[in-house]
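Under our numbering, the first residue of the sequence shown is numbered 2, with each subsequent residue one higher.
Ideal placement from N, C-alpha and C gives every residue a C-beta, glycine not left out.
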Amino acid sequence: MKHQQQGLSRRSFIAGVAGSSLMMSMGSLVSGCSSEQASQALSSGDLSKVFSPNIWFEINSAGEVLINIIRAEMGQHVGTSLAQIVADELGADWSKVSFKHVDTDPKWGVMVTGGSWSVHTSFTQLSQAGAAGRTVIIDAASKLMGVPAEACSAENGVVSAGDKSLTFAEIVSNGDFSRSISEEELAAVPVKSAGERKVIGHDVRNLDVAPKSEGSAVYGLDAELPGMAYAMPLLPPTRYGSTVNAIDESAAKTIPGFIGAIPINDPSQTVQGCVVVAAETLPAAMKAAKAVKVDWSAGPTANVDEAAIIAEGMRIASDPEGGTLYVNEGDIAAAKSGAATSMAATYTTATALHFTMEPQNALVEFDAEGRCHIHAGNQWQSLILPYLAQALEMPENDIIIHQYYLGGGFGRRLFGDQMIPAALAARELGRPVKLMFDRATDSRFDCVRSPSVCAFEATFDADGALTGVDHAVAAGWPTKGMAPGFLGTGIDGKGKFDGFSISGADHWYSLPSHRVRAMNNELAQSTFLPGWLRAVGPGWISWGVESFLDEIADQMGQDPVAMRMGLLDGAGKNAGGDGSTVGGAKRLAAVLKDVSDRAGWGREMPA
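The following block contains the structure:
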């Protein structure tokens, strides 16, 4: 039995992202001083005050700015990047800026870190938040200084107007923050131009390097709670369909501190057939995990190996009409029927594991009100919450994930499935449980990048000119297994595809005819839970595309760089558009030319 499909729908994801930008109404979220309090003398400022104009940051009476970060920090310094956006617009003193990772709460909207989206999707929102805060703090400062707000500017933690100035600390201690900004005004708040920025694009201190270097950064594996038990998982023979027949604890009962072996019955069917071994100490839990013996009935894929999965991918990729239509340009059927010659190539990739430096872990406790608190590093909190809610049979809003630094993510921590057995074990024992995977078990539990098959066929006319490329891609799909609401629909309105597992096949090269079909390898899908790993599709698809182009160039007797330059003509859809597609194929051609020139492509190698 496969796990039941949970997770976000595409519609709810988009709505959540959009909705989170509407949660910054200034009036109801201000936490500062009233007009009456502002009449106090500057010299007797209230050191307990905190100015919090919106959910994204606060300034205390020492002028220190604390910025709330909803993205996961896993080595990419995202906390620093996002803090720069707020601090720049606010006019903060960077030496007084810090950030914190926030716990899950509906007010944050969708919490996800992946796809290099963090800065791209947060820039406007955080810029407006900082600019709105600057507007309100300038308004408060202008009243204290007795000057028009229009005469004031904020920079480096100081609001100035001519020869008058106040620090953020003085303003927060004594200011009147009665002004509110509506959602409409917020959307219209002017933000700085690139030339006005003092933090973004400048050499500033990275906020997470020092704590990581000195050892004060807290990762999920470091989390502790009073009275917690330690636990290790015992995994079944197969990801799906395995059941526990019997558990023999007799040898483990001789180990001091052994608590028990808990069979995990997961209503969400995400983690099937797992047993959690608990003890009072980590060494005892590790020793007991080796001593406990479990008799399982394996699921139907117990004897499936990598060769079988690749063979199945080859089989479905060879179906000339199979799969979901992803690209269909020109007339590939006519190109094939009229071809004077053709050539084919198939590229395969093997299973790829994440091997994060920090193995999977989760610390879970239930509070007196019955709420579930989960301590772990995670990339997509909004994805795992529905699974946890079903597994625990409790409302999502009663489950709080407390975020920590991630000792590597690479896409593995987009799915927090390790939280489920930890939570069920904690509820069973009635005390906090810290579930930890060793390296071997972490590898077996991994949501691996699926083996893949890319099958190509190129056709040529009587003059040897390229007339078309047919491309079929077969793999296990992470999105189907974890977030099926994100599956796309074929361009002909038929079938589904995983956009992350076909990305790169809709490339920037202009071809006379071009067809791409996406195929789900059901054998892979039923054997393991496919996962996202870095770029997902491009990890195998772009490699196949570029390799096949080299083979085409060789077949045509052309220089591979010159051939690519000709195909990157920027015609039609390949002209590009807004955002990251500005310049389209011609932009890529310029990069290729620059790189080939610098590399000396086409020149004779020195003797």
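Presumed contact (8 Å Cβ cut-off) between residue i and residue j, rounded CB distance
i	j	result
residue 146	residue 127	Not a contact, Cβ separation roughly 28 Å.
residue 172	residue 132	The Cβ separation is near 17 Å, so there is no contact.
residue 318	residue 475	5 Å
residue 312	residue 373	That pair is no contact at about 43 Å.
residue 68	residue 113	So it is not a contact: roughly 18 Å between Cβ atoms.
residue 1	residue 100	The chain is shown from 2 up to 608; residue 1 falls before or after that span and cannot be answered.
residue 258	residue 292	Not confirmed; about 12 Å, so no contact.
residue 295	residue 265	Incorrect: roughly 11 Å between the Cβ atoms, too far for contact.
residue 511	residue 575	6 Å
residue 66	residue 83	Incorrect: roughly 13 Å between the Cβ atoms, too far for contact.
residue 522	residue 314	5 Å
residue 50	residue 174	6 Å
Pairwise C-alpha distance: residue j and residue i
i	j	result
residue 235	residue 454	32 Å
residue 398	residue 415	20 Å
residue 390	residue 578	41 Å
residue 469	residue 506	14 Å
residue 334	residue 460	10 Å
residue 420	residue 467	52 Å
residue 323	residue 520	7 Å
residue 501	residue 451	12 Å
residue 595	residue 601	10 Å
residue 383	residue 563	46 Å
residue 188	residue 130	10 Å
residue 490	residue 481	12 Å
residue 607	residue 535	38 Å
residue 568	residue 135	49 Å
residue 3	residue 381	Unreliable positioning characterises residue 3 in this predicted model, as indicated by a pLDDT of 44, which lies under 50. The coordinate reading is nonetheless provided below. Looking at the two C-alpha atoms, the distance is approximately 22 Å.
residue 29	residue 185	Because residue 29 sits at a pLDDT of 30, beneath the cut-off of 50, its placement in the model cannot be relied upon, and the point is left open.
residue 196	residue 160	20 Å
residue 163	residue 152	8 Å
residue 109	residue 55	11 Å
residue 52	residue 405	25 Å
residue 590	residue 320	34 Å
residue 554	residue 560	6 Å
Test item: CB-CB of residue i and residue j under 8 Å
i	j	result
residue 525	residue 584	no
residue 260	residue 290	no
residue 58	residue 87	yes
residue 70	residue 121	no
residue 504	residue 531	no
residue 137	residue 327	no
residue 354	residue 219	no
residue 409	residue 75	yes
residue 89	residue 199	yes
residue 557	residue 486	no
residue 488	residue 471	no
residue 243	residue 297	yes
residue 603	residue 377	no
residue 85	residue 201	yes
residue 241	residue 300	yes
residue 429	residue 263	yes
Buried versus exposed call for residue i [16 or more other C-beta atoms within 10 Å across all chains shown]
i	result
residue 255	exposed
residue 573	exposed
residue 118	exposed
residue 107	exposed
residue 495	exposed
residue 140	buried
residue 358	exposed
residue 545	buried
residue 212	exposed
residue 360	buried
residue 479	buried
residue 203	exposed
residue 207	exposed
residue 441	exposed
residue 217	exposed
residue 237	buried
residue 599	exposed
residue 214	exposed
Residue i beta carbon near the ligand MN (any heavy atom closer than 7 Å)
i	result
residue 206	For the structure depicted, the ligand MN is absent and the ligand set is empty, with no information on it obtainable.
* Stretch pair the stretch 424-439 + the stretch 220-228: three plus CB contacts closer than 8 Å -> yes
* Could you tell me whether the stretch 306-316 touches the stretch 261-280, where touching means 3 or more Cβ pairs closer than 8 Å? => no
* Inspect the CB distances between the stretch 182-196 and the stretch 336-349 and report whether three or more fall short of 8 Å. => no
* Asked: Taking one C-beta from the stretch 208-225 and one from the stretch 360-376 each time, how about it: are there three or more such pairs within less than 8 Å?
  -> yes
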